[in-house]
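With the sequence shown counted from 1, adding 638 to any position gets you this note's numbering.
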Amino acid sequence: MDAPSDGAWTGDVDRLVKPDRVHRSLYTDQAIFDLEMERVFGRAWLYVGHESQVREPGDFYATKLGGQPVLMVRGDDGAVRVLHNRCTHRGALVCAQEAGKARDFRCGYHGWAFGRDGSLKSVPRQEGYGPEFEKERESLGLRPVARQGTYRGFVFASLAETGPSLDDWLGEIKSSFDDMVDRSPDGEIEVAGGVFKHYYEGNWKLYIENVNDLVHPRYVHDSSTESAKRQDREVFTDGAGEIAVRQMIQNGVLVNVWDNVGTWCFPNGHSYMGDYHDDDRLLAKSDDPVFNEYRDTLVAAKGTDRAREILSVMRFNSIVYPNVAFMSSFRQFRVFHPISPTRTEVHIFSFKLKGAPEAMFHDTVRFANAINSPASQILTDDLEIYRRIRDGLVSDAPEWLHLGRGFGRDVADGSGWHGDHGTSEIHIRNQFDSWRNLMKEAA
Ligand code: FES
Ligand SMILES: [Fe+2]
């Protein structure tokens, strides 16, 4: 592999991560990537999906955890299970569809059928497998993942038998999930609409580092900011255009605004970024009739004080290391699927707050179009930068990537830390702390 120049890499990950810089191989090397799948994605708690995606018995959703295909399925007993999507006969996917409802899961190769709980139900011409087969049948169900857990309807799984509990792993970042669910007047949320998918030519870590990088918008998104500023005011009367243009303009705020926003970091690589929409907030403008109706509904459901408390939480992006980032107040989830050292797929989901005006969900979809769709004029700027990083890192000099912005000036804050200024790269260093802990030989 591409080892640090001060000697061959012997598996000692400490040599690849310094307090304020990381070795370039972390973004390019196949051996490192393979080890990340085994140790980072193989040991951390990973976001799988939301319970609303499998509302009724037989509903399923197929996804991947660290490259491994899994199925989230609701059984007849009402339980949601996360199972390896791999036939126990000779290894084919038992489910090749992404989502739907199934009476059972019948493998397309030799017809073994598995129940909604994963148990092996029937085997065509079973006698051919011999008289002992029946005794083995119980052990031939679809394998559950090593551990699974749920927090407020969000389903997680770990591919490791041991390690911290989900509760301990999430820690303080649970409050971002709370923020998302508490905003629902009915106390419930659901995945709604379609899924945006895109891939980019770059390492998976680049995206989760960028999500809370508060220096980049002024530069990376400069072209969309400048063209948005030139828009005729009429565009502000059209809901769809308004959200896109307002977001583009917001990206261009000066660095002192970003410095006052800040990112809060917690153990295990998690962080959230404050809200920077001082322009009456993007989707919660004080004069917005839809938002007013929503606020009234929330007050009716929760009382004035509680509603005020809920709406006073101002978070833009939350990152739950290592595979999901979300925007609680905009109701968008981005789930990361590493494909190779220099290729990553991202799936984007929108959520609906139950009990909120339907028009609010339309805003959610508009926001998804503006920010997260493959046609977004904002997202595509970021993807271009990831590709430029991939291309830049082909050069082997310098050997290290610099993560020193704000280094040495972190401020302890409750159960976590924040930078002494909002544009500190503290969240990236925090992610690498978790990365290093997971990547060590004995976790
Ligand atoms: S591989 Fe599934 S039935 Fe043979
Ligand atoms: Fe960006």
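Beta carbons: idealized from backbone N, C-alpha and C, even for Gly.
In this text the structure is predicted, and so the values were computed from the model without any measurement.
Could you pull out every unbroken alpha helix (DSSP H) segment of at least 4 residues lying fully inside the region 1001 to 1045, listed in chain order?
Here the runs fully enclosed are 1017 to 1030.
Rounded to whole angstroms, what's the CA-CA distance from residue 900 to residue 978? Just pull it up for me.
As a first step, residue 900 is located in the sequence shown; it is residue number 262 there, counting from the start. As a first step, residue 978 is located in the sequence shown; it is residue number 340 there, counting from the start. Taking the straight line joining both Cα atoms gives about 31 Å.
Using the C-alpha atoms, what's the distance from residue 833 back to residue 841?
For the purposes of this step, residue 841 is taken as residue 203 along the sequence shown, with counting starting at 1. For the purposes of this step, residue 833 is taken as residue 195 along the sequence shown, with counting starting at 1. In a straight line, the C-alpha of residue 841 is about 22 Å away from that of residue 833.
Are there any heavy atoms of ligand 1 lying less than 7 Å away from the beta-carbon of residue 730, as far as the coordinates show?
What you label residue 730 is simply residue 92 of the sequence shown in a count that begins at 1. The answer is yes for residue 730.
Terminal residues of the continuous alpha helix (DSSP H) containing residue 1065?
Translated into positions along the sequence shown, residue 1065 becomes position 427. Counting along the chain, the alpha helix (DSSP H) containing residue 1065 begins and ends at 1064 to 1077.
Between the alpha carbons of residue 933 and residue 925, how many angstroms are there, rounded?
The residue given as residue 933 occupies position 295 in the sequence shown. The residue given as residue 925 occupies position 287 in the sequence shown. Whole-angstrom Cα-Cα distance: 12 Å.
When you compare only the Cα positions, how much space is there between residue 1003 and residue 726?
Counting from 1 along the sequence shown, the entry for residue 1003 is found at position 365. Counting from 1 along the sequence shown, the entry for residue 726 is found at position 88. About 40 Å.
Can you tell me whether residue 653 is helix, strand or coil according to DSSP?
Residue 653 sits at position 15 when you count from the first residue of the sequence shown. Three-state result, residue 653: helix.
Is residue 753 near ligand 1, judged by its Cβ being under 7 Å from some heavy atom?
The count along the sequence shown starts at 1 and reaches residue 753 at position 115. No, since every heavy atom of ligand 1 falls outside the 7 Å radius drawn around the Cβ of residue 753.
Check whether the Cβ atoms of residue 1060 and residue 824 sit closer than 8 Å, and answer yes or no.
To locate residue 1060, count along the sequence shown from 1; it is residue 422. To locate residue 824, count along the sequence shown from 1; it is residue 186. No, the Cβ-Cβ distance between residue 1060 and residue 824 is not below 8 Å.
So, for residue 733: in the same chain, excluding its five sequence neighbours on each side, which residues have a beta-carbon less than 6 Å away from its beta-carbon?
Here residue 733 is taken as the residue at index 95 of the sequence shown, counted from 1. Within the same chain, residue 733 has close Cβ partners 700, 709, 723, 743.
Relative to ligand 2, what is the chain-ordered list of residues with a Cβ closer than 7 Å to any of its non-hydrogen atoms?
Counting every residue whose Cβ lies closer than 7 Å to a heavy atom of ligand 2, we get 848, 854, 855, 858, 859, 1016, 1019, 1020.
From which residue to which residue does the alpha helix (DSSP H) around residue 812 run?
Within the sequence shown, the letter at position 174 stands for residue 812. Taken as a continuous stretch (DSSP letters only), the alpha helix (DSSP H) holding residue 812 covers 812 to 820.
For the alpha helix (DSSP H) containing residue 771, name the first residue and the last one.
For the purposes of this step, residue 771 is taken as the residue at position 133 of the sequence shown. That run of the alpha helix (DSSP H) goes 771 to 774.
Measuring from the CB of residue 748, is there a heavy atom of ligand 1 at a distance below 7 Å?
Numbered from its first residue, the sequence shown carries residue 748 at position 110. Yes.
Does the distance from the C-beta atom of residue 981 to that of residue 837 stay below 8 Å?
Residue mapping note: residue 981 aligns to position 343 of the sequence shown, counting from 1. Residue mapping note: residue 837 aligns to position 199 of the sequence shown, counting from 1. A contact, by the Cβ cut-off of 8 Å.
So residue 911 packs on residue 955, CB below 8 Å; how close in whole Å?
Position 273 of the sequence shown, counting from 1, holds the residue named residue 911. Position 317 of the sequence shown, counting from 1, holds the residue named residue 955. Between residue 955 and residue 911 the Cβ distance is about 5 Å, and since that is below 8 Å, they are a contact.
Take the Cβ of residue 1032 as the centre, count every other Cβ of all protein chains shown within 10 Å, and call the residue buried at 16 or more, exposed below.
For the purposes of this step, residue 1032 is identified with residue 394 of the sequence shown, where counting begins at 1. It counts as exposed.
Using alpha carbons as the reference points, say which of 1076, 659, 669 lies closest to residue 1036.
Within the sequence shown, the letter at position 398 stands for residue 1036. That would be 659, whose Cα lies nearest to the Cα of residue 1036.
Does residue 748 pass the burial test, meaning 16 or more other C-beta atoms within 10 Å, or should it be called exposed?
Reading the sequence shown from its first residue, position 110 is the one you call residue 748. It is exposed - the Cβ of residue 748 has fewer than 16 other Cβ atoms within 10 Å.
Please report how far the alpha carbon of residue 816 lies from the alpha carbon of residue 790, in whole angstroms.
Working through the sequence shown from its first residue, we reach residue 816 at position 178. Working through the sequence shown from its first residue, we reach residue 790 at position 152. Taking the straight line from one Cα to the other gives about 8 Å.
Specify, as a first and last residue, the run of the beta strand (DSSP E) that residue 706 falls within.
Within the sequence shown, the letter at position 68 stands for residue 706. Residue 706 -> beta strand (DSSP E) spans 706 to 712.
In angstroms, rounded to a whole number, what distance separates the CA positions of residue 1063 and residue 1071?
Here the question's residue 1063 lines up with position 425 in the sequence shown. Here the question's residue 1071 lines up with position 433 in the sequence shown. The straight-line gap from Cα to Cα measures roughly 13 Å.
For residue 793 versus residue 963, is the C-beta spacing smaller than 8 Å?
Locating residue 793 in the sequence shown gives position 155, where the first residue counts as 1. Locating residue 963 in the sequence shown gives position 325, where the first residue counts as 1. Going by C-beta atoms, residue 793 is not nearer than 8 Å to residue 963.
Leaving aside the five residues before and after residue 948 along the sequence, list all residues of the same chain whose C-beta is less than 8 Å from its C-beta, in chain order.
Translated into positions along the sequence shown, residue 948 becomes position 310. Closer than 8 Å at the Cβ level, and outside the excluded window around residue 948, lie 817, 820, 821, 936, 940.
Quick one: what's residue 971 bridged to in DSSP?
Against the sequence shown, residue 971 aligns to sequence position 333. Answer is 964, 987, bridged to residue 971.
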